[in-house]
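Student: Have a look at this one before I ask anything.
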Amino acid sequence: MSRFTGTWRMIRFILRRDRVLLPSVILGAGALMLMYVSSVDSLYPTAADLKKLAASMNGNPAVVAMLGPTRNLETLGGVIAWRTGTIMQVTAALISMFLVGRHTRSDEQTGRTELILSTATGRFAPLTAALTVTAAANFLIGLACFGVLISFGLDSGQSLLLAASIAATGLVFTGVSGVAVQLSGQSRGAYGLIGAALAASFVVRATGDLGNGDLTWLSPLGWAELAHAFSGGRWWPLLISLVVAVALVPLAFSLLVRRDLGAGILPPRLGPPRASSLLTTPFGFAFRLQRGTIAGWTIGMVLGGLAIGAVGDSVEQMLKTSTEVERIFTKGGTSNLVDSYLASMLLIFALIGSGYTVSAALRPHSEEKEGRAEQTLATAIGRWRWAGSHALLAFAASVLLLGLCGLSVAIGLGLSTGDWDGTLSLIGSGIANVPAMWVMGGLTILVFGLLPNRIYLAWLALTLAIVIWTADTLSTDAPGWLVEISPFTHTPLLPVASFDAVPLAVMTAIGLGLNAAGLAAFRHRDLT
Amino acid sequence: MDNAIEVSDLVKTFGPTRALDGLNLEVSTGEVHGFLGPNGSGKSTTIRVLLGLIRADSGRASLLGRDPWKEAVPLHRRIAYVPGDVNLWPNLSGGEAMDLLSALSGGIRPERRDELCERFELDPTKKGNAYSKGNRQKVALVAALASDAELLIFDEPTSGLDPLKESIFQNCVNEIRGDGRTVLLSSHILAEVESLCDRVTIIREGRTVETGTLSEMRHLTRTSIDVVTERPVTGIGDLPGVHGLRVEGERVRFDVDTARLDGAISRLSEFGIASLICRPPTLEDLFLRHYGTPEAAAAGR
Chain B
43 MSRFTGTWRM IRFILRRDRV LLPSVILGAG ALMLMYVSSV DSLYPTAADL
93 KKLAASMNGN PAVVAMLGPT RNLETLGGVI AWRTGTIMQV TAALISMFLV
143 GRHTRSDEQT GRTELILSTA TGRFAPLTAA LTVTAAANFL IGLACFGVLI
193 SFGLDSGQSL LLAASIAATG LVFTGVSGVA VQLSGQSRGA YGLIGAALAA
243 SFVVRATGDL GNGDLTWLSP LGWAELAHAF SGGRWWPLLI SLVVAVALVP
293 LAFSLLVRRD LGAGILPPRL GPPRASSLLT TPFGFAFRLQ RGTIAGWTIG
343 MVLGGLAIGA VGDSVEQMLK TSTEVERIFT KGGTSNLVDS YLASMLLIFA
393 LIGSGYTVSA ALRPHSEEKE GRAEQTLATA IGRWRWAGSH ALLAFAASVL
443 LLGLCGLSVA IGLGLSTGDW DGTLSLIGSG IANVPAMWVM GGLTILVFGL
493 LPNRIYLAWL ALTLAIVIWT ADTLSTDAPG WLVEISPFTH TPLLPVASFD
543 AVPLAVMTAI GLGLNAAGLA AFRHRDLT
Chain A
158 MDNAIEVSDL VKTFGPTRAL DGLNLEVSTG EVHGFLGPNG SGKSTTIRVL
208 LGLIRADSGR ASLLGRDPWK EAVPLHRRIA YVPGDVNLWP NLSGGEAMDL
258 LSALSGGIRP ERRDELCERF ELDPTKKGNA YSKGNRQKVA LVAALASDAE
308 LLIFDEPTSG LDPLKESIFQ NCVNEIRGDG RTVLLSSHIL AEVESLCDRV
358 TIIREGRTVE TGTLSEMRHL TRTSIDVVTE RPVTGIGDLP GVHGLRVEGE
408 RVRFDVDTAR LDGAISRLSE FGIASLICRP PTLEDLFLRH YGTPEAAAAG
458 R
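Chains as they are written, first to last, in the working numbering: chain B, 43 to 570; chain A, 158 to 458.
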């Protein structure tokens, strides 16, 4: 029996298992592309708009680090390639990571691979099938992006090149994932390794682009960028991506045969034999379960804040490039463009950060679903204290996230302008968004307590808040009642709007009230 | 309070399913009580009611003389629980999980914990997702066994353990009995229940079908006799309570209602007993009598 026996069957099995997931992620990536392209298309409708944008952005180091060199921004294609390149490549890389991890290490960890390999299936079949399906998914993501680009009437050759550069990075990370799942014995560990590789690619690419460009040649994200879609255009840098992706596959196989089923090449990490005294308190326990998540969100919010703050100085020029953009970011008032822009950005951070608040408030739910709550609640912890600790942490960490985000915007701004006067006011502006996040958190706890089988309602509520914000921002005729029901439209955009404690106090009361009601409901229901 | 656990007429429905249908359970303080029943008969549901994790629709449940739903927290300081399917936190080491569970209950004796880790050959530094099923179970077992809980509730605690560790578990349970503490042991391993438990409750489809000491239960069932006599036996088949008589020359085999054992042996002795094998009913026989189809019961005999 060959070591590849059963690969075709495994491929069909993966397609069957992921018959909803695969189309969703592929179409989702296409939708993200569509969102970016259409926003660029509508924000800069004329050649004059594009010219103004190019004038304000050219060579700005902060944006070069974030998005790559500013090439050919006088054309719509150039702006689209520059705006979408990094984000779409990272998206393709993350999708590849999850698809490969899900069908290799996760299956192995849960013992499903053992079951598969006990049948007449070769040892290489599961990995080969996972890599094949993921590569095909990247191909389709590229195809979806290509479709989006030509639907906006862009040059088909350059559109194909941009789409291919996105798929090429996805393929590199398909290979990277294939290797990483051999190295670590746990899917979390493998995701950590891949995430680190992606972050390193980004940093190397950004450093290279800020310097003489040599380092850019060492980064997978750089190869795609160096294809220069819509700004010259050359195919051969993508060949590097392809060669690396293909070369990683035999490496993954050679690692696979050097390890036991279920084990990784790297030794498993051990933990302390004893619990610290912090861990054994309800709040410390909740913190321990969430600390990785909080650390990740903190890093993301701080980096995002720094990036926004760093470009804050040039915002005035940027806003003047387009009346449309200007209208969006001057909702809070036009007295100070920079302040107004930063306050709007902090509100966006609060909307994103609510993703943390909701997921943290849902932690008791996942503990319940995975069967660990039963054992925890058989101790003397008490339901109120157990779920309440997670809710308290979700509420407290939201303050931390937005406070730090405001601070890092101030630092970014201070470093680029030397003006540190606004520091305290920016921290305050960030924290002013927290009561709205608490409403989302309280709503989540209520769903958890009252409707444990309808948890999606919590995410639906957040999605609705984002949709309402988008509708309210992009158009002037969103129905008033709709705008009113979102907590985020009641937050005063400090410091441009005048401080009004009433909506903040009311939202805090609603958030805490929903939370208390949810905990009380949980106290009186059966554990599922 | 004489009874550590008192449950009467307990009913719990999940939608159309009647998981508990008037269940009764009494566990005296200081005893090791076996809780037997086939899959889906309601053992885990009963335990979840006793832990205050779910609320019964009707009936009465009391744990250490108190209401398990209303007074869950103070009660949980006095009990320890090991679920059948132990799920650990992937980012916590086994040692941390043990300390956590113990600290959230009534506390732990650290030297006892270390000793148990050694006896069960458990490495407490591994992360929760790196343990096998048996080792996850050991983590929960060590946390429970190292506690000073008055009442320990085990839900199929040894399903993932090897025979060696299972016998260590049995020693631990005997030590707990020696301390005068109470154990409720739900199990499928009949030999384990037979060797550990003072009394047994057998349930089926959410109802109690039998409860008592093993000897009481045996009394209600049949004993197998395999005897060789000096002279051919006659008239045994006519005795009350004798079933399944098979005569092969001097060798006679039959089952007799345990209550009628005396009469059968008296009659046999008249023919001069050369050898006698008398096998009391095993728990397995009792079990099959209550659950098995007639074929399964016959096969078990």
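Every residue, glycine too, gets a C-beta built ideally from N, C-alpha and C.
1) How long is the line joining the alpha carbons of residue 293 of chain A and residue 285 of chain A, rounded to whole angstroms?
2) Distance, Cα to Cα, residue 221 of chain B vs residue 94 of chain B?
3) Who are the neighbours of residue 412 of chain B on chain A, taking C-beta pairs under 8 Å?
4) Here's a check: name, in chain order, each residue in its chain whose Cβ is nearer than 6 Å to the Cβ of residue 563 of chain B, leaving out the five neighbours to either side.
5) So, at 7 Å on beta carbons, what are the nonlocal neighbours of residue 60 of chain B in its own chain, with the 5 sequence-adjacent residues on each side left out?
6) How far does the beta strand (DSSP E) with residue 410 of chain A in it extend, from its first residue to its last?
7) Name the DSSP bridge partner or partners of residue 405 of chain A?
8) Contact between the region 422–441 of chain B and the region 547–563 of chain B: three or more CB pairs below 8 Å?
9) Do residue 46 of chain B and residue 164 of chain B have their CB atoms nearer than 8 Å?
10) Just mark residue 171 of chain A as buried or exposed, buried being the case when its beta carbon has 16 or more other beta carbons within 10 Å.
11) I'd like the span of the beta strand (DSSP E) that includes residue 169 of chain A, first residue to last.
12) Establish whether the CB of residue 252 of chain A and some CB of chain B are separated by less than 8 Å.
13) Could you spell out the range, first to last residue, of the beta strand (DSSP E) harbouring residue 431 of chain A?
14) Within its chain, find whatever has a CB closer than 8 Å to the CB of residue 321 of chain B; leave out the 5 residues flanking it on each side and keep chain order.
15) In angstroms with no decimal places, state the Cα-to-Cα distance between residue 399 of chain B and residue 288 of chain B.
16) Under a Cβ-count criterion, where at least 16 other Cβ atoms within 10 Å of its own Cβ denotes burial, should residue 183 of chain B be classed as buried or exposed?
17) Check the Cβ of residue 459 of chain B against every Cβ in chain A and list those closer than 9 Å, keeping chain order.
18) Any beta carbon from chain B within less than 8 Å of residue 399 of chain A's own beta carbon?
19) Using a Cβ cut-off of 9 Å, pull out every chain B residue sitting near residue 233 of chain A, in sequence order please.
20) For chain B, is any of its Cβ atoms less than 8 Å away from the one on residue 256 of chain A?
21) Got a sec, what are the start and stop residues for the alpha helix (DSSP H) residue 312 of chain A sits in?
22) For residue 410 of chain B, name the three-state secondary structure that DSSP assigns.
23) Can you tell which of A/218, A/186, A/189 has the C-alpha that lies nearest to the C-alpha of residue 177 of chain A?
24) Can you grab the Cα-Cα spacing for the pair residue 412 of chain B / residue 565 of chain B, in whole Å?
25) Along chain A, which residues have their Cβ under 7 Å away from the Cβ of residue 230 of chain B?
26) Compute the beta-carbon to beta-carbon distance between residue 56 of chain B and residue 131 of chain B, rounded to the nearest angstrom, for a pair I have assumed lies under 8 Å.
27) In whole angstroms, what separates the C-alpha of residue 163 of chain A from that of residue 300 of chain B?
28) By the 8 Å beta-carbon criterion, what residues does the region 329–353 of chain B contribute toward chain A?
29) Are the CB atoms of residue 413 of chain A and residue 392 of chain A nearer to each other than 8 Å?
30) For residue 563 of chain B, which residues in chain A fall below 8 Å Cβ to Cβ?
31) Please classify residue 254 of chain B: is it buried, with 16 or more other beta-carbons within 10 angstroms of its beta-carbon, or exposed?
32) If you run the structure through DSSP and keep just helix, strand and coil, what is residue 395 of chain A?
33) Going by DSSP, name the residue or residues bridged to residue 191 of chain A.
34) Does the distance from the C-beta atom of residue 323 of chain A to that of residue 440 of chain A stay below 8 Å?
35) Hey, how far is the Cα of residue 203 of chain A from the Cα of residue 400 of chain A?
36) Do we get a CB-CB distance below 8 Å when we pair residue 286 of chain A with the residues of chain B?
Tutor: Judging by the given coordinates:
1) Cα-Cα distance, rounded: 7 Å.
2) Cα to Cα, residue 221 of chain B sits roughly 45 Å from residue 94 of chain B.
3) By Cβ distance, chain A contributes 244.
4) The beta carbon of residue 563 of chain B sits closer than 6 Å to the beta carbons of 491, 492 from its chain, once the five residues preceding and following it are set aside; these are given in chain order.
5) Cβ neighbours of residue 60 of chain B beyond the five flanking positions: none.
6) That run of the beta strand (DSSP E) goes 408–414.
7) A/408, per the DSSP bridge assignment.
8) When Cβ pairs closer than 8 Å are counted between the two stretches, the region 422–441 of chain B is seen to touch the region 547–563 of chain B, the count reaching three or more.
9) Yes.
10) Residue 171 of chain A comes out exposed.
11) Per DSSP, residue 169 of chain A is one residue of the beta strand (DSSP E) stretching across 160–171.
12) Answer yes: the Cβ-Cβ gap between residue 252 of chain A and chain B drops below 8 Å somewhere.
13) Where residue 431 of chain A is concerned, the enclosing beta strand (DSSP E) stretches over 430–436.
14) Excluding sequence neighbours, residue 321 of chain B sits near 327, 330.
15) Here the alpha carbon of residue 399 of chain B sits roughly 40 Å from the alpha carbon of residue 288 of chain B.
16) Looking at its Cβ environment, which holds 16 or more other Cβ atoms inside 10 Å, residue 183 of chain B is buried.
17) Result: empty, since nearest Cβ-Cβ is about 41 Å, beyond 9 Å.
18) Taking 8 Å as the threshold, the shortest C-beta distance from residue 399 of chain A to chain B does not fall below it.
19) Residues of chain B passing the Cβ test: 419, 420, 421, 422, 423, 424.
20) Yes, contact with chain B.
21) DSSP places residue 312 of chain A outside any alpha helix (DSSP H); the residue lies instead in the beta strand (DSSP E), whose first and last residues are 308–312.
22) Helix.
23) Comparing Cα positions, the closest option is A/218.
24) Rounded to whole angstroms, residue 412 of chain B to residue 565 of chain B spans 19 Å at the Cα level.
25) The contacting residues are 247.
26) Not quite, the Cβ-Cβ distance comes to about 24 Å (not below 8 Å), so this is no contact.
27) Cα to Cα, residue 163 of chain A sits roughly 57 Å from residue 300 of chain B.
28) Going along the region 329–353 of chain B in chain order, one finds 330, 331, 334 with a Cβ nearer than 8 Å to chain A.
29) Taking 8 Å as the Cβ cut-off, residue 413 of chain A and residue 392 of chain A do not qualify as a contacting pair.
30) Ordered by position in chain A, no residue passes the 8 Å Cβ test against residue 563 of chain B, which lies about 13 Å from the chain.
31) Using a 10 angstroms sphere on the CB of residue 254 of chain B, the tally of other CB atoms stays under 16, which defines it as exposed.
32) Helix, per DSSP.
33) When beta bridges are read from the DSSP output, residue 191 of chain A appears opposite A/342, A/357.
34) Cβ distance not < 8 Å, so residue 323 of chain A and residue 440 of chain A don't count as in contact.
35) One C-alpha to the other measures close to 37 Å.
36) Interface residue, yes.
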